[in-house]
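Novice: In this text, residue positions in the first sequence follow the numbering used here: the first is 20, and each later residue adds one.
The beta carbon of each residue, even a glycine, is placed where N, CA and C say it ideally should be.
Model, not experiment: these values are computed from the prediction.
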Amino acid sequence: MLSNSRLLDKLLTGEYLPILNLVKNDPDLSIEMRIKNQPKVYYKKSLLLTLFPNRKPELLAVGYWKEGIQPILDVNFPESYFDQAKKLVEKHIDVKKNIEFTIQQKITTDNNSLRNQFLVIDMEYQFAQEKVKNRTNGKTRFDLVAIDLKINKIMLLELKQGLGSLSGNAGVDDHFLRYQEHVAHPIFQSALREDVKGIISSKNQLGLWDFNASSLVLQVDQAEIDYAYVFAAHSSAELILYKQQYGEKYTTLYLEVQANNYILKDGI
DNA sequence: CTCCGGCTGTCTGCCCTAAC
DNA sequence: GTTAGGGCAGACAGCCGGAG
Numbered sequence: 020m021l022s023n024s025r026l027l028d029k030l031l032t033g034e035y036l037p038i039l040n041l042v043k044n045d046p047d048l049s050i051e052m053r054i055k056n057q058p059k060v061y062y063k064k065s066l067l068l069t070l071f072p073n074r075k076p077e078l079l080a081v082g083y084w085k086e087g088i089q090p091i092l093d094v095n096f097p098e099s100y101f102d103q104a105k106k107l108v109e110k111h112i113d114v115k116k117n118i119e120f121t122i123q124q125k126i127t128t129d130n131n132s133l134r135n136q137f138l139v140i141d142m143e144y145q146f147a148q149e150k151v152k153n154r155t156n157g158k159t160r161f162d163l164v165a166i167d168l169k170i171n172k173i174m175l176l177e178l179k180q181g182l183g184s185l186s187g188n189a190g191v192d193d194h195f196l197r198y199q200e201h202v203a204h205p206i207f208q209s210a211l212r213e214d215v216k217g218i219i220s221s222k223n224q225l226g227l228w229d230f231n232a233s234s235l236v237l238q239v240d241q242a243e244i245d246y247a248y249v250f251a252a253h254s255s256a257e258l259i260l261y262k263q264q265y266g267e268k269y270t271t272l273y274l275e276v277q278a279n280n281y282i283l284k285d286g287i
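(1) For residue 178 versus residue 247, is the C-beta spacing smaller than 8 Å?
(2) Between residue 238 and residue 223, what straight-line distance do the alpha-carbon atoms span, to the nearest angstrom?
(3) Would a C-beta distance cut-off of 8 Å place residue 129 and residue 282 closer than the cut-off?
(4) Between the Cα of residue 30 and those of 94, 88, 89 and 55, spot the shortest distance and give me the residue it belongs to.
(5) Check residue 267 in the structure and name its three-state DSSP category.
(6) Report the rounded CA-to-CA distance for residue 201 versus residue 207, giving the unit in angstroms.
(7) If you draw a straight line from the C-alpha of residue 91 to the C-alpha of residue 60, how long is it?
(8) I'd like the list of long-range same chain contacts for residue 167, defined as Cβ closer than 7 Å, with 5 residues on each side in sequence excluded.
(9) I need the straight-line Cα distance from residue 141 to residue 215, nearest angstrom please.
(10) Compute the distance between the beta-carbons of residue 107 and residue 79, then report whether it is under 8 Å.
(11) CB residue 139 to CB residue 126, shorter than 8 Å?
(12) With a threshold of 7 Å on Cβ separation, who are the neighbours of residue 233 within its own chain once the five nearest residues in sequence on each side are excluded?
(13) Helix, strand or coil for residue 129 per DSSP?
(14) Suppose the cutoff is 8 Å on Cβ atoms and the five residues either side in sequence are ignored; what does the same chain contact list for residue 267 look like?
(15) Please work out which residues of its chain come closer than 8 Å, Cβ to Cβ, to residue 280, disregarding the five sequence neighbours upstream and downstream, and give them in chain order.
(16) Output yes or no for whether 8 Å exceeds the beta carbon distance between residue 269 and residue 191.
Here is the structure:
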């Protein structure tokens, strides 16, 4: 259930319905459920729009348009706002970031059904931090949250793309240590399960999937929690290097960018 | 001289808290 | 239940100084 029924009404039948329909029909836009089931619309990981129950919607951050004009949203005819906002994002984001986020979004859209092993339910997930305060050294976030439908697991996924992001402060080893630190606490696990249930039911209610996810919610209580990397290789040389360095050490799902196939599978 | 790497400030996006 | 303001992490750009 969306805890916020007024916002739900606005999205499903009220003034925000044109926005919901537009986002549903545009594969480049995604809507994610943040804390307290707050819906936010993204384009390549740039936040285009945040919706509130009563307050005016929050638009694209000033950094994207400060040398031009702020795009204006007409909730009844949102097309032109999203067109302008997308163009501003394209102009703003740099190439490297663009590649990573494009891959992330493709993974999300290619794994949004029950037809394959994984169902991606969220991007850039941060858990509710009050519940694990003082229990961990550093906060962290996870690139993707997915359900492994084959064995009913909640998978926290970290996307690695290109060789530059493998070592150092936010590298492969470092991310795994942070995961271990968090998952060791039962409070983290129960909080994650609750968040996952909330995200699934909200998305289900908004009709963002072409299947009914009610039964998935029930499975989540029994689901194990696990962690894996997604390595998106741009060449076979990169793939070989990654496998040599980390392939044995960490569970990894492999994707080949050139193949343009972003359906996640284990055991490759 | 150029090329790094570290340091710092800025910005975005997330959650938290206090207040209504 | 809802909002406004603040803190934190991550990404990035610009600056500086040391190594080659």
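Specialist: In short:
(1) no
(2) 15 Å
(3) Cβ distance < 8 Å, so residue 129 and residue 282 count as in contact.
(4) The shortest Cα separation from residue 30 among 94, 88, 89 and 55 belongs to 94.
(5) Here residue 267 sits in coil by DSSP.
(6) 6 Å
(7) 15 Å
(8) 136, 137 and 174
(9) C-alpha separation (whole angstroms): 9 Å.
(10) yes
(11) yes
(12) Same-chain partners within the cutoff: 223.
(13) Taken through DSSP and simplified to helix, strand or coil, residue 129 comes out as helix.
(14) none
(15) Close CB contacts of residue 280 within its chain, under the 8 Å cut and outside five residues either way in sequence, are with 129 and 274 (chain order).
(16) Taking 8 Å as the cut-off, the beta carbon of residue 269 is found closer than this to the beta carbon of residue 191.
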